[in-house]
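Each step along the sequence shown adds one to the number in this note's numbering, with nothing skipped, and position 6 is 1358. So the structure is just underneath, and the comments pick up after that.
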Amino acid sequence: MNIPLRSSLLNKSFPKERTKDNRGKEGVVEEIEQQKTITNFLSYLEDTLPEHIDLVVAEKLIDLHVFAETKNYLNACLLCCEDQAVRGQIHYLIARCCHGMELLQAAIDNLNQALFYQPNNIKYWNLQADCYLEMGDWQQAVTVLNKSVRSSPRDAELIYRLGSIFLFYGEYAEALNCFSGCCQLKPFNAEYWEMKAEMLVKLQQINEAVLCFKKAIKYGGQYHLYARMAYCYALLGELKKAKNLLQKVLNKEPDNYDALNNLAGIYHKLGNNEQAYKHLKKALNLNSNDPLLYNNLGLVCHKLGRSRKAIEYYKKALKIDQSDTIVLFNLASCLAEKGLWEEAKLYLEKLVALEKHNSEAWILLGNIYENLSRPKKAIDCFNHSLGLA
């Protein structure tokens, strides 16, 4: 068994996370000034209706997270406004208040009203998509954004957002279509080429992915792209190219965790397990809580004839993830080679309980029962491996 390579694509997360506000004295002073501004704005708005509707100040209050009072003012505005365009804006601002107050269905309803008065407004579609995403209805969010794209087909950022949603939910072919469109609209944007490349990797179109990573690098992409391209070369079996790129990455970023692991995997495939072990140990100094890393250390130690050390690493992997079937099999194999039949049997029984159709595990378990002089159990295991039990 070879060391598996690591793919380090990070999915975009949404909705946006709120960050803690750690403010000092300056922040307190700023907050006091902000409260004064809010008070003045609210006082001013009390005297505007019905003669004058001030949506500029209302929007400023929304930006300051004053949702309830602003929503009340905007509802009053609807009672004295007949201009359809203005009513559309009012419903949009009410929707923003509802969104801020986590009244998501009310926000969607107001956005539908806003779109009735002002069809094909991208801002309105985008906020409605936000609401659907926060409600967990990503398909409806996609439907809404598709309408927005149809009204603004050359908006690359909008198409990129749609692609990010498809990526987040594992719809890689759809995401690829979106990121490809972004590349056509803005062909010198490194991030668009990178995301197109990542989707091609997901869809196992590796040669095309390499070309896209090269374009991303050409147009100013960050240094990690060399590691991603090396990953592709390794998948294509071009190990020397992959090794050279990863060494280039590690010369600049010696603590690049994925590069260390992948270079170890390449050395392992090239038969240089001493170098593989060296790079995996460096990776272990960066992260001692990765079961895959411990599994790979076990594999390399086993290849180096250090079976006891391999067993130790496999057991550390299982402390982190007790149900890792690959580690269970590797550990059982190692124990069986050393003649530790009873212990190997325990791990294999756990494995086949998790994966009832794992023929390799059943065969190994059958061999172990033969060595334990339990022929009936061995036959049962061999039957399981053939799907006859």
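Ideal Cβ positions, reconstructed from N, Cα and C, are used throughout, including at glycine.
Between Glu1590 and the set Ile1558, Lys1567, Thr1422 and Asp1732, the nearest pair of CA atoms involves Ile1558. In the DSSP annotation of this structure, the continuous segment of the alpha helix (DSSP H) that includes Val1408 starts and ends at Leu1407 to Asp1415. Contact check for Leu1612 and Leu1602: beta-carbon distance about 7 angstroms, within the 8 angstroms limit, so the pair qualifies. Using a Cβ distance threshold of 7 angstroms, Asn1614 and Gly1650 do not count as a contacting pair.
Within the region 1506-1533, the complete alpha helix (DSSP H) runs of at least 4 residues fall at 1508-1520. Contact annotation, Cys1483 with Tyr1512: C-beta distance approximately 20 angstroms; criterion of less than 8 angstroms not satisfied. Taking one beta carbon from each stretch, the region 1661-1668 and the region 1636-1653 have 3 or more pairs nearer than 8 angstroms; the two touch.
Remark: C-beta atoms of Tyr1544 and Phe1531 approach each other more closely than 7 angstroms. Burial check for Thr1422: the Cβ neighbour count within 10 Å reaches 16 or more, so the residue is buried.
The Cβ atoms of Ala1586 and Leu1357 sit closer than 7 angstroms to each other.
The alpha carbon of Leu1455 has as its nearest neighbour, out of Glu1411, Gln1480 and Asp1607, the alpha carbon of Gln1480.
Using a Cβ-Cβ distance cut-off of 8 angstroms, the region 1513-1529 and the region 1490-1497 are in contact, since at least three pairs of beta carbons, one from each stretch, lie closer than that value. Taking 7 angstroms as the cut-off, the beta carbon of Asn1462 is found no closer than this to the beta carbon of Ile1474. Around Gly1515, the same chain offers Ala1527, Cys1530 and Phe1531 as residues with beta carbons nearer than 6 angstroms, after the five sequence neighbours per side are excluded. Non-local C-beta neighbours of Tyr1619 in its own chain, meaning closer than 6 angstroms and more than five positions away in sequence, comprise Gln1627 and Ala1628, ordered along the chain. In this structure, the straight-line span from the alpha carbon of Lys1595 to that of Tyr1646 is close to 22 angstroms.
Inter-residue distance for Asn1624 and Gly1617 is about 10 angstroms (C-alpha atoms, whole angstroms).
Distance between Ile1355 and Val1553, taken at the CA atoms: about 19 angstroms. By the neighbour-count criterion, in which a residue is buried when 16 or more other Cβ atoms sit within 10 angstroms of its Cβ, Lys1708 is exposed. Taking every protein chain shown into account, the CB of Cys1432 has fewer than 16 other CB atoms within 10 angstroms, so this residue is exposed.
Ser1737 sits close to Ile1715, with the two beta carbons spaced by under 7 angstroms.
Ranked by Cα distance from Lys1667, the options Asn1719, Ser1725, Leu1680 and Gly1452 are led by Leu1680. Glu1421: member of the alpha helix (DSSP H) spanning Phe1419 to Leu1431, first to last residue. Scanning Lys1633, Lys1592, Leu1555 and Asp1607 for the CA closest to the CA of His1576 turns up Asp1607. Along the length of the region 1378-1403, whole alpha helix (DSSP H) runs at least 4 residues long do not occur. Within the same chain, Val1409, Lys1412 and Leu1413 come within 7 angstroms of Phe1393 by CB-CB distance, once the 5 residues on both sides are set aside.
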